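One structure is given below, encoded as C-alpha cells.
In mature numbering (1 follows the signal peptide of the UniProt record, and there is no 0), the protein residues as written are -18 to -1, 1 to 414.
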C-alpha cells in the first residue's frame, strides 16, 4: 500500500517532463512558397548548447521535432548554406521560420554608412577605433548575399583587431571573426549572411600612433554616409579635395561626414593630437528587437532621464541620445546614434550564452561558414521594463569584461547570477 503514493508521484513527475512535439513551417520569402528539403535543428539552450534533434522539411515546408524538456530552445534552419534562427519559448508547440534564396552577389546590396569612432589611448602611444558598417539589402525579390566573402572591408595598415560583432535584421549581436582574404594585409571579410534588410558589422582595432596618422577609407560598396567622430582635443584635416563636412551638434566631440561615397572615391584624412571621448548614460539602450533604441524613441528618451553619472558602464558609452521629437529627415541622425553607442560587442544575448553549431565557426575563407549565434531575448508585452533592465545589465557586464574592468572570477559570478534572474523573469513573463 505504501508503494501507491510513490508510484503516483513518479507518474506525475514523468508526465511533467514528457516529451512534446514542436511543429513548424519554413517559408521561402524569395518565392513566397514553402521551402522543402531544408535542414532543421533543435538546439537546447540550457547548461550550454546542445543539438537535441534533427530533421528536414517535407514537400510542404513542414517539420516536426520531439522536444524532451520544457526549457528555452532555438530552431536553426539551413537554406542555401545560410542559417536562419528562431527562438522557441517554453510551452510553445509551433514555430514559423522565414528563409531566402542565397547568392554570392545580390543586386540591391549597398552601404548605408561607415562610421568610425576614434580616440587615443590614455598614454597617447596608440589609437583606439570602433568602426561600424551598415549594409542594406533591398534586393527584389528578396535574397540573401552569402558566400566565402559576403561583406568585404579594409582596415588601415598596422591595425590590430581586438573584437568584432555582427547584427542581422531583427536579431541580436553575434560574435563574428573577420577573415583575412590574403591578397593584401588589410583586406578582410565577414563570413556572415547579408539578409534582406539592414545588417550591421562592428570591428574594434588599435593602431600605433606617434601624434599623427593618415586614414584612407576604402568602402567596397557605394555608401550613403562615411562619418568620423573624435575628441575635440584632436585635430582633423581632410584630403584634397576634401569630401568631409563638419557636424557641430556635439559639445564634447567633433564629427565629419562625407555623403554619397563611391568605392573609388578618395577619402583620405589626417588626425593629430590626443584625447578620449567621454562616457555618458546615452549608451545603447535596448530597443524592441534587442538592438539600440532609435533616436527620439521612448527607450532613448528613458535613457536620458536616468542616471547621468560619468561612471555609467552601459554598453558603448556614448555622448548623449540625440532627441528628435519632430522626426528629423536627416539620415545622419540614425548613424550618429550608432557611432555614439555602437554594438559595443553585446555578446550576452538572452541567456548570455553563445551557440556554436557544427557549421557555425568561421575557418578558411574557402568554405562558407557562419559565426556563433546569440539567441535574442524574448520581447514580451508584459514585464518589458524588467527584461530590458536585465538585458542591459548583461550587456554592461560583457562590456566591462571585454574592457578589463572585471576579473574572470568576478565576471563568472555576476554573469551566473544575472542569468538565473533573467531566466526566472522570462519564465514568469511567459506564464503571465
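Note that beta-carbon positions come from the ideal geometry of N, C-alpha and C, so glycine has one too.
Model, not experiment: these values are computed from the prediction.
Which of the three DSSP states is assigned to residue i in this structure?
i           : result
residue 396 : helix
residue 103 : coil
residue 390 : helix
residue 153 : coil
residue 63  : coil
residue 137 : coil
residue 431 : Any property of residue 431 remains undetermined from this structure, which presents the chain solely from -18 to 414.
residue 207 : strand
residue 258 : coil
residue 2   : strand
residue 190 : strand
residue 119 : strand
residue 170 : strand
residue 80  : strand
residue 47  : strand
residue 200 : coil
residue 56  : strand
residue 132 : coil
residue 93  : strand
residue 250 : coil
residue 73  : coil
residue 142 : strand
residue 24  : strand
residue 39  : coil
residue 182 : strand
If you draw a straight line from the alpha carbon of residue i to that of residue j, how long is it in whole angstroms?
i           : j           : result
residue 122 : residue 64  : 18 Å
residue 192 : residue 104 : 13 Å
residue 18  : residue 9   : 9 Å
residue 399 : residue 112 : 30 Å
residue 16  : residue 246 : 42 Å
residue 114 : residue 145 : 12 Å
residue 259 : residue 106 : 13 Å
residue 190 : residue 58  : 42 Å
residue 263 : residue 234 : Caution is warranted here: a pLDDT of 35 is assigned to residue 263, below 50, making its placement in the model unreliable, and no coordinate value can be reported.
residue 195 : residue 71  : 50 Å
residue 35  : residue 118 : 34 Å
residue 170 : residue 163 : 5 Å
residue 214 : residue 251 : 16 Å
residue 84  : residue 172 : 16 Å
residue 257 : residue 102 : 6 Å
residue 91  : residue 130 : 16 Å
residue 80  : residue 38  : 15 Å
residue 7   : residue 20  : 11 Å
residue 5   : residue 51  : 15 Å
residue 49  : residue 396 : 30 Å
residue 69  : residue 388 : 30 Å
residue 109 : residue 253 : 10 Å
residue 76  : residue 14  : 20 Å
residue 26  : residue 212 : 43 Å
residue 394 : residue 3   : 35 Å
residue 67  : residue 219 : 45 Å
residue 47  : residue 390 : 38 Å
residue -14 : residue 74  : At residue -14, the pLDDT of 44 sits below 50, so the modelled position is not reliable; the number obtained from the coordinates is stated separately. Distance between the alpha carbons of residue -14 and residue 74: 31 Å.
residue 174 : residue 166 : 21 Å
residue 135 : residue 179 : 19 Å
residue 230 : residue 22  : 51 Å
residue 153 : residue 392 : 28 Å
residue 86  : residue 161 : 16 Å
Pull up the CB-CB distance for residue i and residue j, whole angstroms please, since I reckon it's below 8 Å.
i           : j           : result
residue 137 : residue 187 : 6 Å
residue 181 : residue 149 : 7 Å
residue 93  : residue 128 : Not quite, the Cβ-Cβ distance comes to about 17 Å (not below 8 Å), so this is no contact.
residue 176 : residue 133 : 6 Å
residue 217 : residue 255 : 5 Å
residue 28  : residue 53  : 4 Å
residue 204 : residue 244 : 6 Å
residue 151 : residue 12  : Contact doesn't hold; Cβ gap of about 15 Å is too wide.
residue 147 : residue 168 : Between residue 168 and residue 147 the Cβ distance is about 20 Å, and since that is not below 8 Å, they are no contact.
residue 61  : residue 24  : 16 Å between Cβ atoms; not a contact.
residue 185 : residue 143 : 6 Å
residue 248 : residue 221 : 6 Å
Quick check on residue i - is its C-beta less than 8 Å from some C-beta in chain B?
i           : result
residue 239 : Of the protein chains in the structure, only one exists, and it is not chain B.
Every unbroken beta strand (DSSP E) within the segment 216 to 245, with a cutoff of 3 residues, ordered by chain: Taking only runs of at least 3 residues, the beta strand (DSSP E) segments lying wholly in the segment 216 to 245 are 217 to 220, 227 to 229 and 235 to 243.
Cβ contact check for the segment 32 to 49 and the segment 157 to 167: 3 or more pairs under 8 Å: The segment 32 to 49 is not in contact with the segment 157 to 167.
Cβ pair count under 8 Å reaching 3, the segment 83 to 103 against the segment 196 to 213: Note that the segment 83 to 103 touches the segment 196 to 213; at least 3 beta-carbon pairs, one per stretch, sit closer than 8 Å.
The segment 217 to 225 / the segment 238 to 255 touching (three or more Cβ pairs under 8 Å): yes
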